[in-house]
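Worksheet: the structure to be examined is printed underneath.
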Amino acid sequence: MPCIGIDTDVPGDNEHGTLYEHAQAVDLGAPVYPAPAIHQIRNEALRLTPEKGVGALDTGAWERKKDGPHLAVLSSVDLAVLCMQPTKNELNRAASVLGAIQQLEATGARAPRLVILLSMVDRSAASADDMDEILSEAGYTVLRSRYHLSNGRDGLAQSFGEPVRVREGSEMDDMAREILDVVAR
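By UniProt numbering, the letter at position 139 of the sequence shown is numbered 139, and the numbering carries on one by one without gaps.
So, in structure tokens, the structure goes:
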């Protein structure tokens with residue numbers, strides 16, 4: 001499926017977000033663009049996303065700025081995949097995204113469908129199952145796939161600047177397929 005990425009994280013002066021910086025270091029298999037001005041996010045997303053393709057907009061979910069990109073990004077997409085660690089702290093930080101979606105809905109503006117991907121999951125802990133239950137009971141859709149914590153030398157946490165190698169049948173392949181199934185709905 002043709003796709004592009006737009007990194008709407010702007011962590012500081014003369015810096016770009018991690019997705020864009022990663023794409024500058026290695027070919028991710030699709031073009032990744034730096035953050036446009038906030039008032040241009042929707043237009044750029046529509047312009048850059050291939051027909052019948054996917055435009056992935058990366059934003060810092062923890063960023064609680066009144067003039068931040070959340071509303072612009074969320075009003076530009078059909079589907080929001082909120083990646084969050086299965087902790088109460090992350091649920092609290094996710095309130096900026098969840099609140100922005102509620103704000104769009106309350107004003108009658110275009111709001112995306114939301115799914116939650118639990119990330120940085122420790123395989124030996126019950127926290128992911130507990131958070132899945134909390135989120136599901138609150139009415140959120142939680143994906144079956146989980147992004148597991150992997151700090152080993154070859155782990156995903158150490159992959160910045162490395163080529164993307166997704167093996168068929170791997171957890172990352174299953175996650176990508178599940179997200180594409182959600183996109184197709």
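Every residue gets a Cβ at the ideal spot worked out from N, C-alpha and C, and that includes glycine.
Residue i: CB within 8 angstroms of a non-hydrogen atom of the ligand MG
{"i": "E171", "result": "In the structure shown, the ligand MG is absent, as is every other ligand, since no ligand is present at all."}
Bounding residues of the alpha helix (DSSP H) (the contiguous stretch that carries residue i)
{"i": "L135", "result": "127-137"}
{"i": "M172", "result": "171-184"}
Closest residue to residue i among the options (Cα-Cα distance)
{"i": "R123", "options": "L149, D130, S145, L143", "result": "L149"}
{"i": "A111", "options": "M120, I179, L74, L143", "result": "L74"}
{"i": "A184", "options": "M175, T107, S170, V54", "result": "V54"}
{"i": "V77", "options": "G169, L57, M1", "result": "L57"}
{"i": "L135", "options": "T107, M120, L98", "result": "L98"}
{"i": "A106", "options": "M131, H39, L71, S119", "result": "L71"}
{"i": "D129", "options": "E44, P2, K88, M175", "result": "K88"}
{"i": "Y140", "options": "V166, D173, C83, I41", "result": "C83"}
{"i": "H39", "options": "P69, E133, R177", "result": "P69"}
{"i": "Q85", "options": "M131, E51, T49", "result": "M131"}
Pair within 9 angstroms by beta-carbon distance, residue i and residue j
{"i": "L117", "j": "V81", "result": "yes"}
{"i": "I179", "j": "L143", "result": "yes"}
{"i": "A23", "j": "G5", "result": "yes"}
{"i": "T8", "j": "A30", "result": "no"}
{"i": "L114", "j": "L79", "result": "yes"}
{"i": "V121", "j": "R146", "result": "yes"}
{"i": "L28", "j": "V164", "result": "yes"}
{"i": "F160", "j": "E44", "result": "no"}
Beta-ladder partner(s) of residue i, from DSSP
{"i": "G5", "result": "V32, A56"}
{"i": "L146", "result": "Going by the sequence as given, residue 146 is Arg instead of Leu. Paired residue(s): L118."}
{"i": "R110", "result": "Its beta-bridge partners do not exist; DSSP assigns none."}
{"i": "T141", "result": "V115"}
Residue-chain proximity (residue i, chain D), Cβ-Cβ < 9 angstroms
{"i": "S124", "result": "Among the protein chains of the structure shown there is no chain D, as only one such chain exists."}
- Query: Which parts of the region 24-97 are runs of the alpha helix (DSSP H), unbroken and 4 residues or longer, counting only runs that do not cross its ends?
  - Reply: DSSP runs (the alpha helix (DSSP H)) wholly in the region 24-97: 41-48, 70-74, 88-93.
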